[in-house]
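First the structure, in the form of structure tokens, and then the observations on it.
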Amino acid sequence: MTRRAQDNTKALDAFIAAKTEIDAMLARLQALSDDHFETSPDEINWGHVGTLNHYRAKLREITDMAFHEGEHAE
3 MTRRAQDNTK ALDAFIAAKT EIDAMLARLQ ALSDDHFETS PDEINWGHVG TLNHYRAKLR
63 EITDMAFHEG EHAE
């Protein structure tokens, strides 16, 4: 195997590892969302809203980068 092919194999392995980790995080977030972020309607307060808005802002930043939207638009 040439050095270039070997370097590509390492990069591919790292890419797959990162993607696998992202997929696991997305699955956990989806499960948490399906469970209404472990809250019931009777328990919701402004602290919950603030936390959820913080999560939303972080996810918006990630999706804006991934899809070249918002401040990351070309």
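For reference, each letter of the sequence shown is one residue, going 3 to 76 in the working numbering. Using N, Cα and C, we set each Cβ at its ideal position, and we do this for glycine too.
Can you tell me where the alpha helix (DSSP H) holding residue i begins and where it ends?
| i | result |
| --- | --- |
| Glu-63 | 48 to 69 |
Identify whether residue i lies in helix, strand or coil by the three-state DSSP scheme.
| i | result |
| --- | --- |
| Ser-35 | helix |
| Thr-22 | helix |
| Ala-13 | helix |
| Ala-29 | helix |
| Glu-45 | helix |
| Glu-73 | helix |
So residue i and residue j are in contact, right, with Cβ under 8 Å, and what is the actual spacing, rounded?
| i | j | result |
| --- | --- | --- |
| Asp-66 | Glu-73 | 6 Å |
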